[in-house]
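Mind the numbering: the sequence shown is residues 282 to 752 in our numbering, read in order.
Before any comments, here is the structure.
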Amino acid sequence: MGTSSKMSLRGILYAVTFLIAVLLAIDAADNSSLATRTSEVSSPAASHELKHNVVLFVPDALRADFLSCYGYPHPTSPNFDALAQRGMLFERCYAQSSWTKPSIASLLTGLLPSVHRAVSSTHTPEQQREAVKVQVLRPQFSTLFEEFKAAGYQTATFQVNSHLQPQFGFGQGVDHYWFEHWADPAREMDAVVAWLEKAVKEPFIAYIHVRDPHPGFTPSEQVLEQVFGKADTAVPTSAAPLPGIEYMKRLYAGEVRYVDAQFGRLVEKLQQLGVADRTTFAVVSDHGESFQEHGVFGHGETLFDEVLHVPLIIRPARTTSARRVPWNVRMFDLYPSLLTLSGIEPPPNLQAESLFTKDGELAVSANRIVLSETDKKHPSGDEWLTCVIRDNAKAIYDTRADSYIIFDRRTDPKELNGRPPSAGSENSEIVKLLKRQQSLSEKLAAGFGPAEWTGMDSETREQLRSLGYLP
Ligand SMILES: [Zn+2]
Numbered sequence: 282m283g284t285s286s287k288m289s290l291r292g293i294l295y296a297v298t299f300l301i302a303v304l305l306a307i308d309a310a311d312n313s314s315l316a317t318r319t320s321e322v323s324s325p326a327a328s329h330e331l332k333h334n335v336v337l338f339v340p341d342a343l344r345a346d347f348l349s350c351y352g353y354p355h356p357t358s359p360n361f362d363a364l365a366q367r368g369m370l371f372e373r374c375y376a377q378s379s380w381t382k383p384s385i386a387s388l389l390t391g392l393l394p395s396v397h398r399a400v401s402s403t404h405t406p407e408q409q410r411e412a413v414k415v416q417v418l419r420p421q422f423s424t425l426f427e428e429f430k431a432a433g434y435q436t437a438t439f440q441v442n443s444h445l446q447p448q449f450g451f452g453q454g455v456d457h458y459w460f461e462h463w464a465d466p467a468r469e470m471d472a473v474v475a476w477l478e479k480a481v482k483e484p485f486i487a488y489i490h491v492r493d494p495h496p497g498f499t500p501s502e503q504v505l506e507q508v509f510g511k512a513d514t515a516v517p518t519s520a521a522p523l524p525g526i527e528y529m530k531r532l533y534a535g536e537v538r539y540v541d542a543q544f545g546r547l548v549e550k551l552q553q554l555g556v557a558d559r560t561t562f563a564v565v566s567d568h569g570e571s572f573q574e575h576g577v578f579g580h581g582e583t584l585f586d587e588v589l590h591v592p593l594i595i596r597p598a599r600t601t602s603a604r605r606v607p608w609n610v611r612m613f614d615l616y617p618s619l620l621t622l623s624g625i626e627p628p629p630n631l632q633a634e635s636l637f638t639k640d641g642e643l644a645v646s647a648n649r650i651v652l653s654e655t656d657k658k659h660p661s662g663d664e665w666l667t668c669v670i671r672d673n674a675k676a677i678y679d680t681r682a683d684s685y686i687i688f689d690r691r692t693d694p695k696e697l698n699g700r701p702p703s704a705g706s707e708n709s710e711i712v713k714l715l716k717r718q719q720s721l722s723e724k725l726a727a728g729f730g731p732a733e734w735t736g737m738d739s740e741t742r743e744q745l746r747s748l749g750y751l752p
């Protein structure tokens, strides 16, 4: 009783302070005085009360175009759609790499893969078999969790991908780290829910990285029926034993529906606990997935749209209105965005930029320059496929071959007619931009020192082999 009385008194004081500020029609400069006055009336417990929770939900290998709210013609994503109806859907978000480890390291540092150098790196087929050395996320980078922890938040990671284990530097700043190799998303969500019931009393950030729809497609008949109806769930027959690409895509869509249902469980739990409204939700993926658009299945070895275009839906705490944002943005922009939305100043010298102002307004009103890199084509740790996208122009550069390929996505949205650049033409400008960006990244990377390497235990090696990451 006493506690709740104090809480409501603090609530009233805060509301009155806020109302006075609004009535005075404060400008940006006066916002700082609002902050000062708020802190004057707040005890440490009250400041906790004013902090929002953050949920960062990352389905592995989720393409944007397989969600209904991104135009997929079947109902794969009722819970993600519902989130988008109360928040911001970014129509053109691109991942900073096309496979898990470097992409998530970019999300957690706001830096490109060639700068943070947390990639896998194995020089020869023999070394690949043994996976003798991989690069680690070094301690000199301040992770998203370290920033939130320093601001007084509980930090938690729930994840199932062996690449993202603490032994490779991904536990920095994480208070509660849950890992179970390739666990079913429902089992993982059980762990999340159990943790939330205890953790919900204090502000938290929870990063939840789930297995599906990563390849290894095993959706149940039930979810396939939810997406396609009964007629389309037949398995391949003896007359047609090999699943075609369209069939693979349908299995993938079933997994999207399954992971959406787990996200629904998470939202429901936060509602039951009474904190959903004061929780900022972000849904994004680490990369997309290829279904032979450019001759390959899977992800990691190319930088085409199907492996880079990922969903990004952000529902800032207490927001209820929907907005679709048409501009090109970057997945790693989430790092400064989540900090800014939580009133925390992002660290300096990031390559990522917040999508929001300090007042919570959208800070993007034009296409951002997109950069993505992968080491998977030449896994030496020093050679990259790198790409830049400016508006509709895209260039991919292979550092080993020292060759460029240019796409004009106005006339070639599927990136099927790439051409080499020609001197003096419009498309040579995109090459100049890519070179400039590379040079900036090299300077930044030099400031962080050389990459660091670690070995891998046999259990992790077998886990990665079972997922197809090692021969
Ligand atoms: Zn992944």
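We put the beta carbon where it would ideally sit given N, CA and C, even for glycine.
Residue 370 is bridged by DSSP to 594 and 605. By the Cβ neighbour-count rule, residue 696 is buried, with 16 or more other Cβ atoms within 10 Å of its own. Taking 8 Å as the cut-off, one finds no heavy atom of ligand 1 near enough to the beta carbon of residue 360. The Cβ-Cβ distance between residue 338 and residue 544 falls below 9 Å. In the DSSP assignment, residue 485 falls within the unbroken beta strand (DSSP E) covering 485-491. DSSP places residue 621 within a helical segment (H, G or I) once states are collapsed to three. By the criterion of at least three beta-carbon pairs nearer than 8 Å, the segment 587-594 is not in contact with the segment 616-634. Under DSSP, residue 375 takes part in a beta bridge, and its partners are 590 and 611. Residue 683 has its Cβ no nearer than 8 Å to any heavy atom of ligand 1. The continuous beta strand (DSSP E) containing residue 560 extends over residues 560-565. At least one heavy atom of ligand 1 lies less than 8 Å from the C-beta of residue 568.
Ligand 1 never approaches residue 656 closely enough for any of its heavy atoms to be under 8 Å from the residue's Cβ. When the alpha-carbon of residue 597 is set against those of 557, 482, 396 and 449, the nearest one is in 557. With a cut-off of 8 Å on Cβ pairs, the segment 635-644 is not in contact with the segment 663-681, counting fewer than three such pairs. Non-local beta-carbon contacts of residue 582 in its own chain, meaning distances under 6 Å to residues more than five positions away in sequence, involve 657 and 658 in chain order.
Bounds of the alpha helix (DSSP H) holding residue 544 are 526-553. The C-alpha of residue 526 lies about 8 Å from the C-alpha of residue 573.
The three-state reading of DSSP puts residue 735 in strand, counting E and B together. Judged by their CB atoms, residue 612 and residue 567 are nearer to each other than the 9 Å cut-off.
Spatial neighbours of residue 595 in its own chain (CB-CB distance under 6 Å, excluding positions within 5 residues in sequence) are listed in chain order as 368, 369 and 563. Between the C-alpha atoms of residue 489 and residue 546 there is a straight-line separation of about 13 Å. In the DSSP secondary-structure assignment, residue 334 is bridged to 560.
Rounded to the nearest angstrom, the Cβ distance from residue 434 to residue 447 is 19 Å, too far for a contact under 8 Å.
Looking at the DSSP output, residue 440 sits in a beta bridge with 460.
Distances taken from the Cβ of residue 384 to the heavy atoms of ligand 1 include one shorter than 8 Å.
Around the CB of residue 691, fewer than 16 other CB atoms lie within 10 Å, so the residue is classed as exposed. By the CB criterion at 9 Å, residue 365 and residue 569 fall outside the cutoff.
Collapsing the DSSP output to three states places residue 686 in a strand. When C-alpha distances from residue 715 are compared across 738, 742, 686 and 741, the shortest belongs to 686.
The shortest CA-to-CA distance from residue 652 to any of 536, 600, 374 and 438 is the one to 374.
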